[in-house]
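Take a look at the structure below.
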Amino acid sequence: MLAHSKKLRINCLENRIGPGSKEISIYTAYCNSPDHLGRILIIYGGTTEKNFSHTVRFFWAEHLARLGFVVHFFDFRSNLGDSKFSDYGLYDRLQDSKAVIDYLLSKQALFKHLPLSLMGLGMGGHLAVLVASDYEYREQVKNLILIVPAAYNDKALSPNVKFGSEFSKIIRTRDDRRLSTIFSRSRRIKANCLVVACKKDEIVPSEIPWLYFLHLAQPRDSAARSYKRICELNDYGHHGNYDDSEKRGLIVQHLLGFFKNSKSLPSRPSRVPVCRGVLINKVTA
Numbered sequence: 005m006l007a008h009s010k011k012l013r014i015n016c017l018e019n020r021i022g023p024g025s026k027e028i029s030i031y032t033a034y035c036n037s038p039d040h041l042g043r044i045l046i047i048y049g050g051t052t053e054k055n056f057s058h059t060v061r062f063f064w065a066e067h068l069a070r071l072g073f074v075v076h077f078f079d080f081r082s083n084l085g086d087s088k089f090s091d092y093g094l095y096d097r098l099q100d101s102k103a104v105i106d107y108l109l110s111k112q113a114l115f116k117h118l119p120l121s122l123m124g125l126g127m128g129g130h131l132a133v134l135v136a137s138d139y140e141y142r143e144q145v146k147n148l149i150l151i152v153p154a155a156y157n158d159k160a161l162s163p164n165v166k167f168g169s170e171f172s173k174i175i176r177t178r179d180d181r182r183l184s185t186i187f188s189r190s191r192r193i194k195a196n197c198l199v200v201a202c203k204k205d206e207i208v209p210s211e212i213p214w215l216y217f218l219h220l221a222q223p224r225d226s227a228a229r230s231y232k233r234i235c236e237l238n239d240y241g242h243h244g245n246y247d248d249s250e251k252r253g254l255i256v257q258h259l260l261g262f263f264k265n266s267k268s269l270p271s272r273p274s275r276v277p278v279c280r281g282v283l284i285n286k287v288t289a
């Protein structure tokens, strides 16, 4: 999306927030061009893999940075190398997500007029909707991208429910989606929204992305009306959002079309100063 006369260099910086050994590392990937189109915070799904942010960086952050975005991503405390996964739950992941966006918004002046977008994959879609519908954040989040978004029973968000047998039992409740307020909450969202569904999704029921879209398209506040779009990938299932290059390429095509049609990015790239943080990686593309 940006024209460059020289090779791109993708920098990745680290900033840490939180107390002691359970600090959250927030990573920021951006290209060496001073011109940028927007900021994207990626909230990933329900993986148990340690330090999954490395996968997010390799398959998504660096790719989006080449297109001109400043991309933020992080690991939940449940996925840090020395963490016990079962000590955390969906509620803890929501608190982690809010802590990260609080930090990013505190640095808004550094990024001038770059609009902030949330991109949630799988479980991250549910979390992204919770954040974008929160009255504290909904004015700040300009775009919401949901990729094969999950939806959970409200009981799964209890602070006392941790990942494990109890969490699994709750989310397997029959008609679980009907016990969730996530869809009604989504009507509070003011952001432009893109929902990506997969026709062969074997994890998320086929109606879930459409329920998100239908509620997103009917905001409670008439002043909140904005651009909404849903697309369905016919040949793909729930997985492969990271390592399947063809699937990822299709999602990026829809994403760029969404940004173009919603007119949610600046007409001219914004010049921002070099991001601040500890440089952990450089990639020349």
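The opening position of the sequence shown corresponds to residue 5 in this note's numbering, with each subsequent residue numbered one higher. C-beta atoms are modelled at their ideal positions from N, C-alpha and C, and glycine is treated no differently.
Tell whether a beta-carbon distance below 8 Å holds between residue i and residue j.
i: F63; j: Y240; result: no
i: F77; j: L41; result: no
i: R61; j: S137; result: no
i: Y141; j: V133; result: no
i: H219; j: C235; result: no
i: N36; j: R13; result: yes
i: A113; j: K146; result: no
i: L125; j: V152; result: yes
i: V75; j: I46; result: yes
Helix, strand or coil for residue i, going by three-state DSSP, please let me know.
i: K173; result: helix
i: T59; result: helix
i: K102; result: helix
i: F115; result: helix
i: D138; result: coil
i: C16; result: strand
i: V165; result: coil
i: L131; result: helix
i: K26; result: helix
i: R43; result: strand
i: Y156; result: coil
Which stretch, first to last residue, makes up the alpha helix (DSSP H) that contains residue i?
i: F262; result: 249 to 266
i: F187; result: 186 to 190
i: F217; result: 211 to 220
i: A69; result: 66 to 70
Judging by CA-CA distance, which residue of the options is the nearest neighbour of residue i?
i: Q222; options: H243, C197, E236, P209; result: C197
i: I174; options: Y156, I186, R191, T185; result: Y156
i: K54; options: E66, F80, R70; result: F80
i: T185; options: N265, D158, K203; result: D158
i: S230; options: R191, A154, Y34; result: R191
With residue i and residue j assumed to form a contact (beta carbons below 8 Å), what rounded beta-carbon distance in angstroms separates them?
i: D100; j: I28; result: 6 Å
i: I30; j: I44; result: Not a contact, Cβ separation roughly 13 Å.
i: L161; j: F187; result: Their Cβ separation, rounded to whole angstroms, is 14 Å, which puts L161 and F187 out of contact at 8 Å.
i: K203; j: L237; result: 7 Å
Over the uninterrupted beta strand (DSSP E) stretch that includes residue i, give me the two end residues.
i: A195; result: It is not in any beta strand (DSSP E) - A195 carries neither H nor E in the DSSP assignment.
i: E236; result: 232 to 237
i: K146; result: 145 to 151
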